[in-house]
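Single-structure report; data block below.
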Amino acid sequence: MISVRFTYLTGLKRRIFRNARLAGSWNGWAELPMTEIRAEDGCPGFTATVEFNDSEAGREHRWGVRFDGPGGANMWAINLEVSDGESQDRFRTVTLPGPGGSAEARYYFTDSRRLGAQKTYAVGSEPPDLKFAVWAPNARSVEVVFGRLDNGYITDGGVGIDPAKPRIALARGTDGLWESAPVSGFSGYVGLPYMFRIENAQGNIVYRTDIHSRWQLGRGDRNPVKTSWDGNPDTLDGTVSCSVIIDQDIVRKEFEPATSPPHQISDQDFWAIDYPHGLLGPTEIQDLVIYELHIGSLGYPGRGPGTLADAMDLLDYLSDLGVNAVELLPISEFSGNLGWGYGDTHHFVIESSAGGRDKYKHFVRACHRRGIAVIQDVVYNHFDQEAERAEWAYDSTKPEENIYYWYEGRSTDHPFPAGGYLDNGSSGFTPRFWEEPVRQMFISSAAEFIEEFHVDGLRVDLTQAIHRDNRLKANGWSVRNANLFGQKFLREWSRTLRMIRPAVMLVAEDHTGWDAVTKLPNVGGLGFDTTWFAEFYHHLIGDSNMADGAARLLHEAGFGHDGPLAMEDFAGRLWASQFAKVAYHESHDEAGNADGSLRTSRVAVNDAALFGATRTFAEARSRVAAALSILSAATPMFFMGEEVVAQKRCKFDNIATSKEDLKGERTGNGAKMFRYYQDLIRLRRANPAVRSHSIDVVHVLGANRVIAFTRRQGSHQLLIVASLNNRPFEQGYVIQTGSDRLPSGLWLETFNSDAGIYGGGNVGNYGAAIPCNGGRIELKIPANGVLVLQRL
336 MISVRFTYLT GLKRRIFRNA RLAGSWNGWA ELPMTEIRAE DGCPGFTATV EFNDSEAGRE
396 HRWGVRFDGP GGANMWAINL EVSDGESQDR FRTVTLPGPG GSAEARYYFT DSRRLGAQKT
456 YAVGSEPPDL KFAVWAPNAR SVEVVFGRLD NGYITDGGVG IDPAKPRIAL ARGTDGLWES
516 APVSGFSGYV GLPYMFRIEN AQGNIVYRTD IHSRWQLGRG DRNPVKTSWD GNPDTLDGTV
576 SCSVIIDQDI VRKEFEPATS PPHQISDQDF WAIDYPHGLL GPTEIQDLVI YELHIGSLGY
636 PGRGPGTLAD AMDLLDYLSD LGVNAVELLP ISEFSGNLGW GYGDTHHFVI ESSAGGRDKY
696 KHFVRACHRR GIAVIQDVVY NHFDQEAERA EWAYDSTKPE ENIYYWYEGR STDHPFPAGG
756 YLDNGSSGFT PRFWEEPVRQ MFISSAAEFI EEFHVDGLRV DLTQAIHRDN RLKANGWSVR
816 NANLFGQKFL REWSRTLRMI RPAVMLVAED HTGWDAVTKL PNVGGLGFDT TWFAEFYHHL
876 IGDSNMADGA ARLLHEAGFG HDGPLAMEDF AGRLWASQFA KVAYHESHDE AGNADGSLRT
936 SRVAVNDAAL FGATRTFAEA RSRVAAALSI LSAATPMFFM GEEVVAQKRC KFDNIATSKE
996 DLKGERTGNG AKMFRYYQDL IRLRRANPAV RSHSIDVVHV LGANRVIAFT RRQGSHQLLI
1056 VASLNNRPFE QGYVIQTGSD RLPSGLWLET FNSDAGIYGG GNVGNYGAAI PCNGGRIELK
1116 IPANGVLVLQ RL
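My numbering numbers the first residue of the sequence shown as 336 and each following residue consecutively.
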């Protein structure tokens, strides 16, 4: 008889999957119960053994697993698809050995505890040992070498290796993986810096960081190959420094340790009270009001990078503002320490200069204890452009063997060697999505954000670069297979996260309008809840050079003329905000980063200095822009500083000089705007009509620069009127529409952006109920103002 042991490994510490059953093609996919085990990585797993007749030797069978989990019963547990761009099938295959033989078929739900420096447990043993594993299919040999704690850097010539620590050899396994034998005593290695010493395909020795590491030693911006370095690990760039062995199952108890060594508790105990009793954070994306936050831009007036300590210090401010979600720009390890973070090298590492993984966990938990959800930006469309010790040429210098980067054909097929790489409209070459280890690296990193860091959702950078825009660098031709594998990756990614946590909130920065982006993977979709709505921004604000052809309402109003605005063009985007969108009146891209873009307050007055009457106009128009975004049918978002009239252009390369004094402005010149945002956000969160997807644009007239729309949910009915006219309609303005679109009855003004407490002139309809008959209502409308009326 032939014996095959089937093993399903979750790579997740929690026991969230149960009642596993093996199914396969050998018996018509009938189910066989599996035994739950603690796998060698210390995580739950499942196993079952099947006996086959010797006559079946050499046959290939398909197999898979079903289990019960957070997403429901009888879930198909194979989250990854087959390696065929045209197919969405999900199964594994096993080829039976010879007569009387035995084999094991393994499946890894995630690689979270498979690669890197990980704990390993022999059967029935405690405490754990240490095991190293790395994907390097072109390597001739691989060893682990250890660096010095007081330095943390190993040169390309091997200088910096600690001679007191013996090297550890790795052996080639299947699928290009190299693994070490278990090394006795995991705890004795915690805190040690290490690198992989690889003899690459060309026979040269290279030193590479661990792509699956959880900590990089450097926390500065010095790359010793390119600039002077003082030998201090604190000034070393983490992307080129040694990786560090850590115990990811423990957390420092205090955010800032009061003892040395710091007091540590288990990860399980740390998260025991995440959201306090009786306080639940938002779980529906439509209920969010998102504050886009770049941690590196905090720390005013310092010129260095802001840290998680600065972010913790901002939480009471955010609670007072009323937002219930923060969206963090990328926090995974990236080059330097003052960038946006949109170019990662180590997707399991929390940027060391920001404070690292333990402080990140404290920050997430502190947000939750204030009822604030955390949405984390992640980047999969390219790697850091300076990844020479990470992904780039990891185990071979041949372009076609550059394992983390998509390359078409062989280097001799193209007029120049780089011609086989793919561009995709982002700032780097396309990752090699046809390789399952590359897809699994991104998927497992996302799973760790959700499962181990407890973030509530993820926003994926420029998804269209992954699923649509892949082109050959040599000639610009579209590469269909790369687009198909990009789609495959995004389906696998979203499917995996929802198997772990069905309520996870997934946001795509996608500007294609492709409806499949927000459909579920089981019907061919990519699985996102919502997409960024850049068109809304370009029509409403329009400062970016990318807004050609858009309404550009605020940009045009900023010139100060009284001519018509293209309100009708914007109206279509306002109406479309109901279709799974995130609408924003400012984002990190448009706060100075994109060509021509400025902060909203400066766009509103054509970049004039803000003082006197100019500031009055700037704030009034900015209040209109904020209201049109926050009161739309989309999930609203705005970039940090809008709430206090931020003015400095915020670019990826001027972070040190573009910081704003958020707290100081809140009680100073920005106090009235902060109060306005508080009340506007309170209205959004409190009224079911505003949180619904229901919207009807009932009036728009570009000549008068006025637009009006209704929001409804059950008995809650609101009429919102916005004007960018430079003069008030103090004698009354008539809105006439059908009575079915604007019900008859009395309407009461409940919110006015022109109120004196916000810095306005108090023009409005205060106190009096206003009749509406036959769809006709007459209102006093302030200049550059917004009114909200509620039907009584």
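By construction, the Cβ of each residue, glycine as well, lies at the ideal position given by its N, Cα and C atoms.
Start-to-end residues for the alpha helix (DSSP H) that takes in residue i
{"i": "D651", "result": "650-656"}
{"i": "F824", "result": "815-835"}
{"i": "C1107", "result": "Premise fails: C1107 lies in the beta strand (DSSP E), 1104-1107, not in any alpha helix (DSSP H)."}
{"i": "L963", "result": "947-965"}
{"i": "A1024", "result": "1023-1026"}
{"i": "P528", "result": "That residue, P528, is in no alpha helix (DSSP H); its beta strand (DSSP E) goes 528-534."}
{"i": "A911", "result": "902-911"}
{"i": "H802", "result": "799-802"}
{"i": "E786", "result": "771-786"}
Candidates the options: closest to residue i by CA position
{"i": "G1073", "options": "V1032, I1092, Q1066", "result": "V1032"}
{"i": "D748", "options": "K733, I738, D758", "result": "K733"}
{"i": "S993", "options": "Q1052, H396, S632", "result": "S632"}
{"i": "V979", "options": "A960, Y1011, V940, I876", "result": "Y1011"}
{"i": "E783", "options": "S548, P368, G482", "result": "S548"}
{"i": "P772", "options": "E371, V417, G1091, G634", "result": "V417"}
{"i": "E577", "options": "C702, D497, Q1071, D930", "result": "The amino acid at residue 577 is misidentified as Glu; the sequence shows Cys. Of C702, D497, Q1071, D930, the residue nearest in Cα terms is D497."}
{"i": "N818", "options": "V479, G420, G691, S922", "result": "G420"}
{"i": "R887", "options": "T847, D850, E844, T935", "result": "T935"}
{"i": "L1114", "options": "L1081, S1079, L1083, V1069", "result": "V1069"}
{"i": "T345", "options": "E903, R1126, A1021, Q775", "result": "Q775"}
{"i": "I620", "options": "S687, V842, I778", "result": "V842"}
{"i": "G706", "options": "D758, T831, L653", "result": "L653"}
{"i": "D1075", "options": "G1110, N1100, L512", "result": "G1110"}
{"i": "H923", "options": "I581, Y677, R349", "result": "Y677"}
{"i": "G480", "options": "Q982, G566, I580", "result": "First, the residue type needs correcting, since residue 480 is Val and not Gly in the sequence shown. Selected option, being the one with the closest Cα: I580."}
{"i": "D988", "options": "G657, W769, G639, L650", "result": "G639"}
Extent of the continuous beta strand (DSSP E) to which residue i belongs
{"i": "H681", "result": "679-685"}
{"i": "N354", "result": "353-359"}
{"i": "S338", "result": "337-344"}
{"i": "H1051", "result": "1051-1058"}
{"i": "T992", "result": "T992 -> no beta strand (DSSP E), and no H or E assigned at all."}
{"i": "T430", "result": "427-430"}
{"i": "E478", "result": "476-481"}
Per-residue burial, residue i [other beta carbons within 10 Å of its own, 16 or more giving buried]
{"i": "T853", "result": "buried"}
{"i": "A969", "result": "buried"}
{"i": "W675", "result": "buried"}
{"i": "T642", "result": "buried"}
{"i": "L1081", "result": "exposed"}
{"i": "I778", "result": "buried"}
{"i": "Y739", "result": "buried"}
{"i": "K629", "result": "The question names Lys, but residue 629 in the sequence shown is His. Flag for H629 reads buried."}
{"i": "T562", "result": "exposed"}
{"i": "L614", "result": "exposed"}
{"i": "H598", "result": "exposed"}
Proximity below 9 Å, CB of residue i to CB of residue j
{"i": "A438", "j": "L450", "result": "no"}
{"i": "G755", "j": "G744", "result": "yes"}
{"i": "V938", "j": "L889", "result": "yes"}
{"i": "P766", "j": "H717", "result": "yes"}
{"i": "F871", "j": "S912", "result": "yes"}
{"i": "F341", "j": "A440", "result": "yes"}
{"i": "A383", "j": "L367", "result": "yes"}
{"i": "V790", "j": "V917", "result": "no"}
{"i": "L663", "j": "M840", "result": "no"}
{"i": "F1044", "j": "L900", "result": "no"}
{"i": "I1055", "j": "A962", "result": "yes"}
{"i": "W606", "j": "R700", "result": "yes"}
{"i": "H681", "j": "D545", "result": "yes"}
{"i": "G523", "j": "K454", "result": "no"}
{"i": "D464", "j": "F521", "result": "yes"}
CB contact check: residue i to chain C, cutoff 9 Å
{"i": "Q799", "result": "Among the chains of the structure shown, chain C does not appear; only one protein chain is present."}
Check: On the three-pair Cβ rule with 8 Å, is the region 878-898 touching the region 1006-1020?
Finding: At 8 Å Cβ cutoff, the stretches do not touch.
Check: Counting pairs of beta carbons, one from the region 472-489 and one from the region 538-558, are three or more of them closer than 8 Å?
Finding: They touch, by the three-pair rule.
Check: Between the region 1026-1040 and the region 1048-1061, are three or more C-beta pairs nearer than 8 Å?
Finding: The answer is yes - the region 1048-1061 touches the region 1026-1040, with three or more Cβ pairs under 8 Å.
Notebook entry, point to check: Three or more beta-carbon pairs under 8 Å between the region 825-844 and the region 937-952, yes or no?
Noted result: Verdict: no, contact absent.
Margin query: Contact between the region 471-481 and the region 531-540 is defined here as three or more beta-carbon pairs at a separation below 8 Å; is this criterion met?
Written below: In the pairwise beta carbon analysis, the region 471-481 is classified as touching the region 531-540: at least three pairs are separated by under 8 Å.
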